[in-house]
Amino acid sequence: RKEVEQDPGPFNVPEGATVAFNCTYSNSASQSFFWYRQDCRKEPKLLMSVYSSGNEDGRFTAQLNRASQYISLLIRDSKLSDSATYLCVVNQAGTALIFGKGTTLSVSS
Amino acid sequence: NAGVTQTPKFQVLKTGQSMTLQCAQDMNHNSMYWYRQDPGMGLRLIYYSASEGTTDKGEVPNGYNVSRLNKREFSLRLESAAPSQTSVYFCASSGDRFVDTEAFFGQGTRLTVV
Chain A
-2 RKEVEQDPGP FNVPEGATVA FNCTYSNSAS QSFFWYRQDC RKEPKLLMSV YSSGNEDGRF
58 TAQLNRASQY ISLLIRDSKL SDSATYLCVV NQAGTALIFG KGTTLSVSS
Chain B
335 NAGVTQTPKF QVLKTGQSMT LQCAQDMNHN SMYWYRQDPG MGLRLIYYSA SEGTTDKGEV
395 PNGYNVSRLN KREFSLRLES AAPSQTSVYF CASSGDRFVD TEAFFGQGTR LTVV
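Here the protein sequences come in this chain order: A and B.
So the first sequence is residues -2 to 106, counted in our numbering.
So the second sequence is residues 335 to 448, counted in our numbering.
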């Protein structure tokens, strides 16, 4: 079983839609969780960290469920510029960042 | 602000040739990483270095060697390139703690082995 699993999509949504991505991780010792964004042929960049209490940054909301080992990202009022691949990332203390394969989002007008 | 700098950006090798991918960061980070990214496979960890003088294998280390030359630099070497090593390679670094720190990536090296 892959350590971090995501639905690859693609998710094709119209502008203004709300879309949610899910991610599961296998190692219960994981300590830190992130969502990264990657544009085509570019390097990944941090979108937001994910905290146990849930956190929001503008149109983006991240949730963590440690009991179910599940992370989510909600994007409200989608923009064309949100089109990208979203990577779920897990960090285990003493090791490196482990990436999911990514979920592709395409927002159309 | 240079951040993480990788060289070269593009490279074509013949099977059996060797080369070293260079990576340097100017953020005084302790941790550095090498990933490869292939279509449909996501980012896979090759090697990482928690601090100067230490290196550890990741998910796909076979065919690669690394050197943490100093705190700033972490190089990846292909001793005898194979077509299966055709990929995009990303170097990254992160802060003093493994937990809850952002990783910054270089722009990537697009390597083709023919």
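By construction, the Cβ of each residue, glycine as well, lies at the ideal position given by its N, Cα and C atoms.
Close beta carbons around residue i, own chain, < 7 Å, minus the five adjacent residues each side
i	result
Val338/B	Cys357, Gln359, Cys425, Ala426, Ser427, Phe438, Phe439 and Gly440
Tyr98/A	It should be pointed out that residue 98/A corresponds to Lys in this sequence rather than to Tyr. Once the five neighbours on either side are set aside, the close Cβ partners of Lys98/A are Gln3 and Pro5.
Asp74/A	Gly13 and Arg56
Lys391/B	Tyr381
Interface residues of chain B facing residue i [CB-CB closer than 7 Å]
i	result
Phe96/A	Gly376 and Leu377
Gly99/A	Gly376
Ala93/A	Tyr367, Leu379, Tyr382 and Gly392
Residue range of the beta strand (DSSP E) that includes residue i
i	result
Glu2/A	Val1 to Gln3
Ala14/A	Run containing Ala14/A: none; DSSP gives neither H nor E here.
Within chain A, the residues that residue i reaches when beta carbons sit closer than 7 Å
i	result
Glu436/B	Leu43
Proximal residues to residue i (C-beta, below 8 Å), its chain only, five neighbours per side dropped
i	result
Glu393/B	Arg378, Leu379 and Ile380
Leu410/B	Thr354, Leu355, Cys357, Trp368, Ile380, Tyr381, Tyr398, Asn399, Val400, Tyr423 and Cys425
Val448/B	Val346, Leu347, Lys348, Thr349 and Pro417
Ser352/B	Arg411, Leu412, Glu413, Ser414 and Ala415
Rounded C-alpha distance that separates residue i from residue j
i	j	result
Glu436/B	Met366/B	12 Å
His363/B	Gln35/A	22 Å
Glu53/A	Ala81/A	19 Å
Leu403/B	Ser25/A	34 Å
Gln419/B	Gly442/B	14 Å
Leu102/A	Phe18/A	9 Å
Cβ pair residue i, residue j closer than 8 Å
i	j	result
Cys85/A	Val1/A	yes
Phe8/A	Ile68/A	no
Thr21/A	Leu71/A	no
Gln28/A	Gln89/A	yes
Residues that residue i contacts on chain A, provided the C-beta gap is smaller than 9 Å
i	result
Gln441/B	Lys39 and Glu40
Beta-carbon proximity list for residue i, same chain, < 6 Å, skipping 5 on both sides
i	result
Thr407/B	Before going further, note that residue 407/B is Glu rather than Thr in the sequence given. So the qualifying residues of the chain are Ala358.
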